[in-house]
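Comments concern the structure below.
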Amino acid sequence: NLRARRFHVRDRVSLAHRADAIVMPDLILGLEVAVPREPEEERGVWLRCDQLGRFARYGGEDPDDVCSTAAEYLAVAARYRAIVTDRPEFAMAGLVQGRDVTLLPGATGVNRSLWETWLDDLGCHWLDAHDVIEADESISSTLAPRDRPTSFAASNGSGLATGQTFDPRGLQ
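Residue 508 is where the sequence shown starts when you use my numbering, and the numbers rise one by one after that.
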């Protein structure tokens, strides 16, 4: 049993483990990149290769194999104009870089919950597993660009009561 006065989770699925927690976004979504660099490549496909990965057969590398810090995630994500991934942290790194990002489902439901809670409103695409399997081709060929906000900066804490959701869009 963890002893603390307040717990935070980043998605609603995680409330099943701690119902009194406050749902708050990942801190990376508060990062504002002043001038994102010009992408070097059109599309990057980065997929989990561990036991939770569902799409490794479609190719791509696992970002966890090449990135160990937030700075490395941001640097790798900046290389692409569009990103397809089932790693939500990599999706967030792409979004703060202003990239066209598509998040795929994971094995636990967390990816969908993060997308519904935060990432959809920030312009992230979602592609269901059956759509990927039905296409049975390169994931990247199923994408279409979409406009998204360019700033994700949040400037203060939430001050929320237990069970409420922090909304970064209300902060300036």
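From the three backbone atoms N, C-alpha and C, an ideal C-beta is built for every residue, glycine too.
Given residue i as reference, the closest of the options once Cα atoms are compared
| i | options | result |
| --- | --- | --- |
| residue 519 | 632, 621 and 627 | 621 |
| residue 563 | 613, 633 and 632 | 613 |
| residue 587 | 524, 606, 636 and 594 | 606 |
| residue 580 | 566, 599, 540 and 589 | 599 |
| residue 522 | 624, 576 and 556 | 624 |
| residue 611 | 597, 636 and 630 | 636 |
| residue 540 | 527, 582 and 569 | 582 |
CB of residue i within 8 Å of CB of residue j, strictly
| i | j | result |
| --- | --- | --- |
| residue 604 | residue 584 | yes |
| residue 594 | residue 571 | yes |
| residue 602 | residue 634 | no |
| residue 592 | residue 559 | no |
| residue 525 | residue 516 | yes |
| residue 617 | residue 632 | no |
| residue 590 | residue 551 | yes |
Residues that DSSP places opposite residue i in a beta bridge
| i | result |
| --- | --- |
| residue 592 | 553 and 610 |
| residue 587 | 548 |
Tell me whether the region 531 to 539 and the region 547 to 559 touch, counting them as touching only if at least three CB pairs, one residue from each stretch, are closer than 8 Å. The region 531 to 539, when compared against the region 547 to 559, does not touch it at the 8 Å Cβ threshold.
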